[in-house]
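Reading through the structure tokens given below for one structure.
2 protein chains.
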Amino acid sequence: MKENEKISATGIIYRIKQLKGFSFLHIILDGKIIQAILEGELPEKVREQSAVFFTGIFQKAQIKDKLIFSNDLELKLTTLQVMSTPSESFPFDITKKDLNIGNNVLFDMRALSMRHPKIKAIFKIQEAIVIGFRSYLQNNGFTEIRTPKIVKAGAEGGANIFELNYFGSKAYLAQSPQFYKEFCCGVFQKVFEIGPVFRAEKHNTNRHINEYTSMDMEMGPIRSFYEIMKTEEEILKEIIWTIGSRCSYELDLLQITLPVINKIPMLVFSEAKELVFKECGIDERKELDLSPIEEIKICELIKEKTGSEFVFVTHYPTAKRPFYAKENPNNREETESFDLLFRGMEVTTGGQRIHEYQELLEKMKHREMNVEEFAFYSEAHKYGLPPHGGLGLGLERFTQKIIGLNNIKEATMFPRDVTRLFP
Amino acid sequence: MKENEKISATGIIYRIKQLKGFSFLHIILDGKIIQAILEGELPEKVREQSAVFFTGIFQKAQIKDKLIFSNDLELKLTTLQVMSTPSESFPFDITKKDLNIGNNVLFDMRALSMRHPKIKAIFKIQEAIVIGFRSYLQNNGFTEIRTPKIVKAGAEGGANIFELNYFGSKAYLAQSPQFYKEFCCGVFQKVFEIGPVFRAEKHNTNRHINEYTSMDMEMGPIRSFYEIMKTEEEILKEIIWTIGSRCSYELDLLQITLPVINKIPMLVFSEAKELVFKECGIDERKELDLSPIEEIKICELIKEKTGSEFVFVTHYPTAKRPFYAKENPNNREETESFDLLFRGMEVTTGGQRIHEYQELLEKMKHREMNVEEFAFYSEAHKYGLPPHGGLGLGLERFTQKIIGLNNIKEATMFPRDVTRLFP
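Here the protein sequences line up with chains A and B, keeping their order.
Numbering of the first sequence is given in our numbering, commencing with residue 21 and proceeding in unit increments.
Numbering of the second sequence is given in our numbering, commencing with residue 21 and proceeding in unit increments.
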């Protein structure tokens, strides 16, 4: 877009403002709203949300509207042809600065509500997060893999799994690509996958959805699980950089300040609990996991002390981690694992995995698991897997926290929860 | 990798050849096999498939082995530390030029068989296909979207759909992102998604799998469905270019000649049938779809006449296309749709969709569909969708045809068919 540039293009009419002898039209051109001016009469069938084919020339203008992509230029239309006309006008005002509709309407009418620039901006930022994640890994020797979502056994165990009838056999929807990404670690060494995972969790909170996008990576051979955290730090830097460079319009529209990442601080699990007890008087030191309030407090304290909005908590108790988590050889009660907390919430779980066959078998027996059922998994270990580990970063939760949304569903195009299977 | 370059890295031992006083080791470094030479004794615990940490210096060498990435340089090792040792040696010889195992073992032991360089190469080429598809669209104004895989209604209709129990409600696994990508067309205009789709097809052929990756795009406002084909032509050019530029090692290893794309020829459906009848004497002119043999013959004839390995067949009969397919306004018996055939097989189905609300309602009533059940879909049309259309390109099938694999399952990391839910 330059002054005096002529264009001939298709677009969507976002807003119509008729004045005497001319009209201001806001047109969505290549995804961005521009201001156009049309002299004379409007074509008969043009409506807000009409698709149009138009020609025009850009000229200087002074526009004061944050929704408009360029505030220096407007398009003087020379022709305007209507390509489609909605049957009805929108059930809510999509041209208002803020949408202000309740969550039920927001999600029930998702195909419509997403057209508001501030809602759409959420998903442009989400797209940038994915691009940053992928770009870092692709440029650093990771292979993108595709693993099945219909599986014979869940990776995370427990009851939070959807079951389906697979031609007469019992099958499940994958809770995570865990087993498969470990297999692929034996093939490609460094791998990643960005895909849907499914959790049949019955609680309906502002941080859970039943189908979400997991950005997973797995890497080997590693010499220490700190390498995984180092890689995540680099990934996050690239994500933040990518959002910043692709989404200046969206960041401005939503008034978002991106976090700054230097060195992400690390806290051992027991230290983290001790800190919350000492500084806030909350004593959950005997619990084997962090509670939501502890996660919030840890983030607040670390931000205060170091300025970082991210913090790694390491060495989670063995009892609370899956069977494949590698134990600390000096203390079998804790694992070589970590969570990443960001703005009060866990956004990543990661760690080193058991790579030795005998160690895996013993762990499974210790947990009274059916070793035969998981033979397809342990086979990779039997014939050799490098020391390896990885992580999963929840896309919607990370988006929620980057943007500061109240509910994870707002960071999901078509959310699924216990009561929502629709649209 | 340069002569006299020193390195310190981790890798996987692919092959060990012990000679008097020294050993040749093939090591997988950054995903590529290099030749290394170690003087003196091998460390005790080193095996094929061991992970190792090593230091060394590259020196000139003359190597004649296609599996080796560089045939000019070998690595003279100065140190070699073992990081992991397999419990058992491989159940088949992974270091042979060709794997030569039956399909059952190939797929049952996928975590192992994929480690053969020629199997692994399939998935590096597949990765390049995805990168090319995404790269073209991302650079041309398309937004990457994420749509749900657990849905309330199938997009393709019919019985080929997996059902699951969703907290007491009946739900399905998405057969395609069709409805959702159309919604997103109203939001972002040009969108794409690369994700899993599920088809409960009971036939077990060499061109069907029950879970596959669909590379989908949808675009609007369009003025003709020929724009979609033009875009696919550009996408395919970028895919072929991407494979060529990223995968020279793999192409050489698998002895693949990439297709050349100039202008992809187009044939109207009825013309295509007429051609096969005239040239081959196969008379299926009254059938409403192309049979596998017709697809093969059309490709052969077009290649002979034009040199192109791709051909668009357009204007499929309305009766065989989904309800949302746009009919030719001059002949309601045919749709503004197309398939792309490549090397004897359909790899893409695409076309323009109905964007007008009344037209959609009439079509649904004509097909005796439950209009209420699809109200969530037609709502987008009611409030305005641009004239739009798109396509789906099956990743595994396209990979199969690019590489010349006999069975689509060979182009799938962990294939799912009627009898295979494993690993």
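Built from N, CA and C at the ideal position, the CB exists for glycine as well.
Legend entry - D50(A): contacting residues in chain B (beta-carbon distance under 9 Å): On the first sequence, residue 50(A) is found 30 positions in, with the first residue counted as 1. Simply G161, Q209, K210.
Inset, instruction - Measure the beta-carbon distance from A148(A) to P406(B) and round it to whole angstroms, keeping in mind my assumption that it falls under 8 Å. - result: Taking the first residue of the first sequence as position 1, residue 148(A) is located at position 128. Taking the first residue of the second sequence as position 1, residue 406(B) is located at position 386. Their Cβ separation, rounded to whole angstroms, is 25 Å, which puts A148(A) and P406(B) out of contact at 8 Å.
Legend entry - Residue-level contact to chain A via CB, V438(B), 8 Å cutoff: The residue you call residue 438(B) lines up with position 418 of the second sequence. So yes, V438(B) belongs to the interface.
Inset, instruction - Note down, in chain order, every chain B residue with its Cβ under 8 Å from the Cβ of K140(A). - result: On the first sequence, residue 140(A) is found 120 positions in, with the first residue counted as 1. By Cβ distance, chain B contributes V207, F208.
Inset, instruction - Classify E354(A) as buried or exposed, calling it buried when 16 or more other Cβ atoms lie within 10 Å of its own Cβ. - result: Along the first sequence, read from residue 1 onward, the residue named residue 354(A) stands at position 334. Looking at its Cβ environment, which holds 16 or more other Cβ atoms inside 10 Å, E354(A) is buried.
Legend entry - Local conformation of L87(A) per DSSP, three classes: Taking the first sequence and counting its residues from 1, the one referred to as residue 87(A) is at position 67. L87(A): coil per DSSP, three-state reduction.
Legend entry - Reference T167(B), options Y192(B), C204(B), F73(B), closest by Cα: The count along the second sequence starts at 1 and reaches residue 167(B) at position 147. If we check each option's Cα against that of T167(B), C204(B) comes out closest.
Legend entry - Residues from the stretch 184-195 of chain B in contact with chain A, defined by Cβ distance under 8 Å: L184, N185, Y186, F187, S189, A191, L193
Legend entry - Ordered list of alpha helix (DSSP H) runs contained in the stretch 81-152 of chain A, each at least 4 residues: 123-128, 130-133
Inset, instruction - Please name the residue or residues paired with D303(A) in a DSSP beta bridge. - result: Counting from 1 along the first sequence, the entry for residue 303(A) is found at position 283. DSSP output for D303(A) lists no bridge partner at all.
Legend entry - Between the CA atoms of F162(B) and V211(B) - distance to the nearest angstrom: Here residue 211(B) is taken as the residue at index 191 of the second sequence, counted from 1. Here residue 162(B) is taken as the residue at index 142 of the second sequence, counted from 1. Going from the Cα of V211(B) to the Cα of F162(B) covers about 5 Å.
Legend entry - One or two residues paired with K190(B) in a DSSP bridge: In the second sequence, the residue the question calls residue 190(B) occupies position 170. Note: K190(B) sits in a beta bridge opposite N185(B).
Inset, instruction - With DSSP as the reference, label H386(A) as helix, strand or coil. - result: The sequence position of residue 386(A) within the first sequence is 366, counting from 1. In the structure shown, H386(A) sits in a helix (DSSP, three-state: H, G or I).
Legend entry - Simplified DSSP assignment, three categories, for Q195(A): Within the first sequence, the letter at position 175 stands for residue 195(A). In the structure shown, Q195(A) sits in coil (DSSP, three-state: anything other than H, G, I, E or B).
Legend entry - Cβ-Cβ distance between F245(A) and G122(A) below 8 Å: Stepping through the first sequence from its first residue, residue 245(A) is reached at position 225. Stepping through the first sequence from its first residue, residue 122(A) is reached at position 102. Contact flag unset, no.
Legend entry - Y403(A) at chain B interface by Cβ criterion, 8 Å: As a first step, residue 403(A) must be located in the first sequence, where it is residue number 383. With 8 Å as the cut-off, Y403(A) counts as an interface residue toward chain B.
Legend entry - Whether E213(A) touches I165(A) by CB criterion (8 Å): Position 193 of the first sequence, counted from the first residue, corresponds to residue 213(A). Position 145 of the first sequence, counted from the first residue, corresponds to residue 165(A). Yes; because the gap between Cβ atoms is below 8 Å, this pair is in contact.
Inset, instruction - Closer than 8 Å, Cβ to Cβ, to anything on chain A: give me those residues from the stretch 99-120 of chain B, in chain order. - result: M103, S104, T105, P106, S107, E108, S109, F110, P111
Legend entry - Cα-Cα separation between L119(A) and H136(A), rounded to whole angstroms: In the first sequence, the residue the question calls residue 119(A) occupies position 99. In the first sequence, the residue the question calls residue 136(A) occupies position 116. Their backbone Cα atoms lie some 7 Å apart in a straight line.
Legend entry - Any chain A beta carbon closer than 8 Å to H375(B): The count along the second sequence starts at 1 and reaches residue 375(B) at position 355. Closer than 8 Å: yes.
Legend entry - Residues of its chain near V102(B), where Cβ-Cβ distance is below 7 Å and the 5 sequence neighbours each way are ignored: Along the second sequence, one-based indexing puts residue 102(B) at 82. Cβ neighbours of V102(B) beyond the five flanking positions: P63, K65, V66, S70, V72.
Inset, instruction - In angstroms with no decimal places, state the Cα-to-Cα distance between E416(B) and F330(B). - result: Against the second sequence, residue 416(B) aligns to sequence position 396. Against the second sequence, residue 330(B) aligns to sequence position 310. Approximately 17 Å between the Cα atoms of the pair.
Inset, instruction - With DSSP as the reference, label S43(A) as helix, strand or coil. - result: Taking the first residue of the first sequence as 1, we reach residue 43(A) at position 23. Reduced to three states, the DSSP call for S43(A) is strand.
Legend entry - From L271(A), A395(A), M384(A), L310(A), residue whose alpha carbon lies closest to that of F343(A): Walking along the first sequence from the start, residue 343(A) turns up at place 323. When the alpha-carbon of F343(A) is set against those of L271(A), A395(A), M384(A), L310(A), the nearest one is in M384(A).
Inset, instruction - Please list the partners that I32(A) has in chain B, where partner means a Cβ-to-Cβ separation under 9 Å. - result: Sequence index remark: in the first sequence, residue 32(A) carries index 12 (1-based). Per Cβ cutoff of 9 Å: G206, Q209, G240, P241, G404, P406.
Legend entry - Limits of the alpha helix (DSSP H) - the one that M433(B) falls within: In the second sequence, counting from the first residue as 1, residue 433(B) sits at position 413. Premise fails: M433(B) is in no alpha helix (DSSP H) and is neither H nor E.
Inset, instruction - Assign S244(A) to one of three DSSP states: helix, strand, or coil. - result: As a first step, residue 244(A) is located in the first sequence; it is residue number 224 there, counting from the start. Looking at S244(A) - three-state DSSP - the assignment turns out to be coil, as it is neither helix nor strand.
Legend entry - Cβ-based burial, A175(B) [other Cβ within 10 Å; buried from 16]: One-based indexing of the second sequence puts residue 175(B) at position 155. For A175(B), the number of other beta carbons within 10 angstroms of its own is at least 16, and it is reported as buried.
Inset, instruction - Would you mind telling me which residues of chain B sit closer than 8 Å to A400(A), beta carbon to beta carbon, in chain order? - result: Here residue 400(A) refers to the residue found at position 380 when the first sequence is read from its first residue. Correct list: A131, L132.
Inset, instruction - Throw me the rounded Cβ distance for the K421(A) and V367(A) pair, which I believe falls under 8 Å. - result: On the first sequence, position 401 is the one that residue 421(A) refers to. On the first sequence, position 347 is the one that residue 367(A) refers to. At roughly 6 Å, the Cβ-Cβ gap stays under 8 Å, so K421(A) and V367(A) are in contact.
Inset, instruction - Check whether the Cβ atoms of P279(A) and I260(A) lie closer than 8 Å to each other. - result: Walking along the first sequence from the start, residue 279(A) turns up at place 259. Walking along the first sequence from the start, residue 260(A) turns up at place 240. Yes, these two residues count as a Cβ contact at 8 Å.
Legend entry - Classification of V391(B) by the beta-carbon crowding that lies within 10 angstroms, buried from 16 upward: Here residue 391(B) corresponds to residue number 371 of the second sequence, with the count starting at 1. Answer is exposed; the Cβ neighbour count stays below 16.
Legend entry - First through last residue of the alpha helix (DSSP H) which encompasses A400(A): Taking the first sequence and counting its residues from 1, one reaches residue 400(A) at position 380. That run of the alpha helix (DSSP H) goes 395-402.
Inset, instruction - For K210(B), write down the residues that DSSP places opposite it in a beta bridge. - result: One-based indexing of the second sequence puts residue 210(B) at position 190. M239(B).
Legend entry - Three CB pairs or more closer than 8 Å across the stretch 316-326 of chain B and the stretch 291-306 of chain B: yes
Inset, instruction - Taking 8 Å as the cut-off, decide whether the C-beta atoms of I53(A) and I88(A) are in contact. - result: In the first sequence, counting from the first residue as 1, residue 53(A) sits at position 33. In the first sequence, counting from the first residue as 1, residue 88(A) sits at position 68. Taking 8 Å as the Cβ cut-off, I53(A) and I88(A) qualify as a contacting pair.
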